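Trainee: Numbering (UniProt numbering), first residue to last: 1 to 41.
Just so it is clear, CB atoms sit at the ideal spot from N, CA and C, and this is done for glycine as well.
Note that the structure is predicted; figures quoted are calculated from it, not measured.
1. Using only the alpha-carbon positions, how far apart do residue 40 and residue 33 sit?
2. For residue 8 and residue 17, what's the separation of their Cα atoms in angstroms?
3. With DSSP run on the structure shown, which of helix, strand or coil describes residue 8?
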């Protein structure tokens, strides 16, 4: 625990990255059926 600020910064970066990945996956899951439907048409 000699660099608590670095650890906090890393945790915040990891948390933001995880949120971005989850949002991206949610967007892909939401758009994927629409793309399949439009391709089927």
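Mentor: According to the structure data:
1. If I take the Cα positions, the gap works out to 10 angstroms.
2. Those two C-alpha atoms are separated by around 14 angstroms.
3. The answer is helix: DSSP assigns residue 8 an H, G or I state.
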